[in-house]
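Here the sequence shown is numbered in this note's numbering, starting from 59 and rising by one per residue.
All C-beta atoms in this analysis are idealised placements derived from N, C-alpha and C, irrespective of residue type, glycine included.
Taking it in order: structure first as C-alpha coordinates, then the write-up.
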Amino acid sequence: MNRSLSIILETMKALHNDTSKNKKEFLKDTGLKIEGTVQDIFKKCKLAPDADAAIHPILADILAGAKLIKNGNEKDGHEKIHHALLTYEDFFDHAGWHHSKEE
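Here it is, written out as C-alpha coordinates:
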(Lines of atoms letter the chains of each structure in order from A; the text may use other names.)
(Lines give C-alpha, C1' and ligand atoms only; values in the text may rest on other atoms or scores of the structure.)
Protein backbone atom coordinates (compact mmCIF):
# COMPACT_ATOMS: atom_id res chain seq x y z
CA MET A 59 0.00 0.00 0.00
CA ASN A 60 2.89 2.37 0.69
CA ARG A 61 3.93 2.38 -2.97
CA SER A 62 0.35 2.83 -4.16
CA LEU A 63 -0.21 5.89 -1.98
CA SER A 64 3.09 7.31 -3.18
CA ILE A 65 1.84 6.86 -6.76
CA ILE A 66 -1.29 8.83 -5.89
CA LEU A 67 0.83 11.59 -4.33
CA GLU A 68 3.11 11.71 -7.40
CA THR A 69 0.06 11.85 -9.67
CA MET A 70 -1.35 14.75 -7.68
CA LYS A 71 1.94 16.62 -7.97
CA ALA A 72 1.84 16.07 -11.74
CA LEU A 73 -1.39 18.09 -11.84
CA HIS A 74 0.60 21.14 -10.73
CA ASN A 75 3.10 20.68 -13.56
CA ASP A 76 0.64 19.91 -16.36
CA THR A 77 1.40 21.63 -19.65
CA SER A 78 -0.69 19.36 -21.87
CA LYS A 79 -2.61 20.89 -24.74
CA ASN A 80 -5.65 18.74 -24.02
CA LYS A 81 -6.43 19.50 -20.38
CA LYS A 82 -9.73 17.60 -20.46
CA GLU A 83 -8.02 14.41 -21.62
CA PHE A 84 -5.20 14.86 -19.10
CA LEU A 85 -7.68 15.23 -16.23
CA LYS A 86 -9.63 12.19 -17.38
CA ASP A 87 -6.44 10.11 -17.58
CA THR A 88 -5.29 11.39 -14.18
CA GLY A 89 -8.62 10.52 -12.55
CA LEU A 90 -8.56 7.06 -14.10
CA LYS A 91 -5.00 6.47 -12.91
CA ILE A 92 -5.90 7.40 -9.35
CA GLU A 93 -9.05 5.24 -9.45
CA GLY A 94 -7.04 2.29 -10.71
CA THR A 95 -4.44 2.74 -8.00
CA VAL A 96 -7.10 2.83 -5.27
CA GLN A 97 -8.81 -0.26 -6.69
CA ASP A 98 -5.43 -1.98 -6.60
CA ILE A 99 -5.09 -1.05 -2.92
CA PHE A 100 -8.51 -2.55 -2.19
CA LYS A 101 -7.51 -5.80 -3.94
CA LYS A 102 -4.04 -6.24 -2.44
CA CYS A 103 -4.11 -4.64 0.99
CA LYS A 104 -4.53 -6.89 3.99
CA LEU A 105 -4.77 -4.87 7.19
CA ALA A 106 -5.86 -5.63 10.72
CA PRO A 107 -9.61 -4.97 11.17
CA ASP A 108 -9.17 -1.60 12.93
CA ALA A 109 -6.70 -0.32 10.35
CA ASP A 110 -8.88 -1.65 7.53
CA ALA A 111 -11.88 0.20 8.94
CA ALA A 112 -9.81 3.41 9.16
CA ILE A 113 -8.43 3.23 5.62
CA HIS A 114 -11.73 2.63 3.82
CA PRO A 115 -13.19 6.15 4.32
CA ILE A 116 -9.85 7.65 3.29
CA LEU A 117 -9.78 5.59 0.11
CA ALA A 118 -13.43 6.47 -0.55
CA ASP A 119 -12.52 10.17 -0.37
CA ILE A 120 -9.61 9.61 -2.76
CA LEU A 121 -11.99 7.87 -5.18
CA ALA A 122 -14.47 10.75 -4.88
CA GLY A 123 -11.68 13.22 -5.63
CA ALA A 124 -10.51 11.15 -8.58
CA LYS A 125 -14.03 11.20 -10.00
CA LEU A 126 -14.16 14.98 -9.70
CA ILE A 127 -10.81 15.30 -11.48
CA LYS A 128 -11.85 12.82 -14.16
CA ASN A 129 -14.96 14.92 -14.80
CA GLY A 130 -12.93 18.12 -15.15
CA ASN A 131 -13.24 19.55 -11.64
CA GLU A 132 -9.53 19.67 -10.86
CA LYS A 133 -9.74 22.14 -7.97
CA ASP A 134 -12.34 20.31 -5.88
CA GLY A 135 -10.92 16.89 -6.75
CA HIS A 136 -7.43 17.93 -5.76
CA GLU A 137 -8.70 19.39 -2.50
CA LYS A 138 -10.65 16.20 -1.66
CA ILE A 139 -7.62 13.98 -2.29
CA HIS A 140 -5.29 16.39 -0.48
CA HIS A 141 -7.43 16.23 2.66
CA ALA A 142 -7.70 12.43 2.40
CA LEU A 143 -3.90 12.14 2.25
CA LEU A 144 -3.55 14.39 5.29
CA THR A 145 -6.08 12.21 7.13
CA TYR A 146 -4.06 9.15 6.15
CA GLU A 147 -0.98 10.73 7.67
CA ASP A 148 -2.90 11.43 10.90
CA PHE A 149 -4.10 7.83 11.26
CA PHE A 150 -1.21 5.73 9.95
CA ASP A 151 2.48 5.48 10.78
CA HIS A 152 3.84 5.19 7.25
CA ALA A 153 7.64 5.29 7.35
CA GLY A 154 8.97 8.06 5.13
CA TRP A 155 5.52 9.41 4.30
CA HIS A 156 4.86 13.12 4.47
CA HIS A 157 2.17 15.08 2.72
CA SER A 158 2.56 18.81 3.14
CA LYS A 159 -0.49 20.76 4.24
CA GLU A 160 0.32 23.24 1.45
CA GLU A 161 0.41 20.75 -1.44
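1) Rounded to whole angstroms, what is the Cα-Cα separation between K82 and D134?
2) Just to confirm before moving on: does the CB-CB distance between I66 and I116 stay below 8 Å?
3) Give the straight-line distance between the Cα atoms of S62 and T95, rounded to the nearest whole angstrom.
4) Assuming T88 and I127 are in contact, meaning their beta carbons sit under 8 Å apart, how far apart are those beta carbons, in whole angstroms?
5) Out of E93, K101, N80, state which residue places its alpha-carbon closest to the alpha-carbon of G123.
6) Between which two residues does the alpha helix (DSSP H) carrying A118 extend?
7) Among the candidates L73, H141, E147, whose CA atom is the shortest distance from the CA of K173?
8) From E132 to Y146, what does the alpha carbon distance come to, in whole angstroms?
9) Give the straight-line distance between the Cα atoms of S78 and F84, rounded to the nearest whole angstrom.
Taking the definition as stated:
1) 15 Å
2) no
3) S62 and T95: Cα-Cα distance of roughly 6 Å.
4) 6 Å
5) E93
6) Its alpha helix (DSSP H) spans residues 107-128.
7) There is simply no residue 173 to check, as the chain begins at 59 and stops at 161 in what is shown.
8) 21 Å
9) 7 Å
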